[in-house]
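In my numbering, the protein residues as written are 95 to 518.
Here it is as structure tokens:
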């Protein structure tokens, strides 16, 4: 098992919030609650599948009107003959209007597909749980990545503030020289234009910050005024592409789905029964008559030919193959991406180290350039290039740090690491 050790910190003016608060808010926000509803639906589907194994019991009541006298219950032939021949003309269980009340039930004794349907529902429930976990990690990664970008933009704006202050000091000195005729007015225009460009850049940074703040607010409901402090507290465990679990469970469910369609061709055994109390006025003597009637039995169904079911089996096999291909495709993509991200981490570390050195060197060169510019040994254009070089070097440094955080989060999602343990 390979391990990637990443150490990052944010030594800037930070928000009063913490990463823990953002992560907790995410868990209770609508983005995460919607995933929980998917799990609940899958749970109910599993319960519905097993519920089919229980008896179904119904109570009923009815009133029927007939155009000719109709029996309340079936009457055996020998009993019917006796009723017809009896000279006393007894009440016969036949009437024009019949009231009935009773109950009936049905229950599967052997329906193989029901058990498999329950297994499929449980597999889909596992897939939904795994999907919720991955979605949570992805949203946490977005929060961390957006916060890292906020840190980058804040640091970049701070460097622009330093540049702006430096230019303002130069502007004061240069204005005196221009007023005294010791320097051309064009030099002052160039400084003023450079200050304007700094303002434009800072305004652009503010716009980008609002988008990042909005993305965090969408996931957590918390609107940040400044980046949140964060540092890497533990290492990333790599090796197993755990983010494939939702699709792996879905493939299992599809495989069971093929089994279900095949099992629908198996014989089924069902039990059924009913009990009814019938009440009516006998047609032959207008006397009240009441009868009770019940039955119970077992039915065996054996499918012999069902072309539509054969087509359902073929369709389920195609769906299974489609899911298997999607799983293989995603596995290849994640494996390739993970290798790329792992390889980029040491390069980013090197970029951060080199950028630190570049910033130090550019700052020293700027200090020398200021002295030369004040003494007239350096043109305005050359001096401004040194100012730009410092900001550019700092931008690359902050950008490399933000990219490292984002790379780290992508790996955490791919390997389904606990981001809350990695980022504090």
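Where a beta carbon is used, it is the ideal one built from N, C-alpha and C, also for glycine.
Just so you know, these numbers come straight off a predicted model, no measurement behind them.
If you draw a straight line from the Cα of residue 141 to the Cα of residue 497, it comes to about 46 Å. Rounded to the nearest whole angstrom, the CA to CA distance from residue 289 to residue 445 is 29 Å. Of all C-beta pairs linking the region 167-181 to the region 140-157, fewer than three are shorter than 8 Å, placing the two stretches out of contact. Counting every other CB atom within 10 Å of its CB across the protein chains shown gives residue 417 a total of 16 or more, marking it as buried. The C-beta of residue 470 has fewer than 16 other C-beta atoms within 10 Å across all chains shown, which makes the residue exposed. Relative to residue 304, the option among 243, 350 and 216 whose CA is nearest is 243.
It is roughly 41 Å from the alpha-carbon of residue 191 to the alpha-carbon of residue 361. When the alpha-carbon of residue 278 is set against those of 483, 218, 474 and 508, the nearest one is in 474. The residues 369, in chain order, have a CB closer than 6 Å to that of residue 388 in the same chain once the five nearest residues on each side in sequence are set aside. Per DSSP, the unbroken beta strand (DSSP E) holding residue 201 starts and ends at 188-204.
Shown here for residue 510: same chain residues with a beta carbon closer than 6 Å to its own, the five before and five after excluded, namely 336 and 337 in chain order.
Spanning the alpha carbons of residue 300 and residue 321 requires a straight line of approximately 13 Å. Around residue 195, the same chain offers 155 and 371 as residues with beta carbons nearer than 6 Å, after the five sequence neighbours per side are excluded.
The C-alpha of residue 286 lies about 8 Å from the C-alpha of residue 265.
Nearest C-alpha to residue 292 among 486, 209 and 131: 486. Bounds of the beta strand (DSSP E) holding residue 364 are 362-375. Apart from the 5 residues on each side of it in sequence, residue 457 sits with its Cβ closer than 8 Å to the Cβ of 484 in its chain, given in chain order. Around the Cβ of residue 186, a 10 Å sphere holds 16 or more other Cβ atoms; the residue is buried. Non-local C-beta neighbours of residue 499 in its own chain, meaning closer than 7 Å and more than five positions away in sequence, comprise 102, 238, 239 and 242, ordered along the chain. Out of 392, 284, 383 and 214, the CA that lies nearest to the CA of residue 342 is found in 214. Contact annotation: the region 338-357 touches the region 213-231, with at least three C-beta pairs closer than 8 Å. The three-state secondary structure of residue 333, taken from DSSP, is coil. Taking one beta carbon from each stretch, the region 436-450 and the region 348-368 have fewer than 3 pairs nearer than 8 Å; the two do not touch.
Taking the C-beta atoms as reference points, residue 235 is found nearer than 8 Å to residue 504. Collapsing the DSSP output to three states places residue 314 in a helix. Counting along the chain, residue 383 sits inside no alpha helix (DSSP H); it lies in the beta strand (DSSP E) bounded by residues 382-395. Taking a C-beta distance under 8 Å as the contact criterion, residue 296 and residue 251 qualify as a contact pair.
Distance between residue 374 and residue 202, taken at the CA atoms: about 34 Å.
The beta carbon of residue 492 sits closer than 6 Å to the beta carbons of 246, 249 and 250 from its chain, once the five residues preceding and following it are set aside; these are given in chain order. In this structure, the alpha-carbon of residue 216 lies about 15 Å from that of residue 353.
A distance below 6 Å between beta-carbons, with the five flanking residues on each side excluded, links residue 271 to the following residues of its chain, in chain order: 277. Beta-bridge pairing by DSSP links residue 323 to 112.
The three-state reading of DSSP puts residue 308 in helix, counting H, G and I together. Excluding five sequence positions before and after residue 159, the CB atoms of its chain that fall closer than 7 Å to its own CB belong to 190 and 191, given in chain order. Taking C-beta separations shorter than 8 Å and ignoring five residues to either side along the sequence, the partners of residue 453 in its chain run 484, 487, 488 and 491, following chain order.
With fewer than 16 other Cβ atoms from the protein chains shown falling within 10 Å of its own Cβ, residue 408 counts as exposed.
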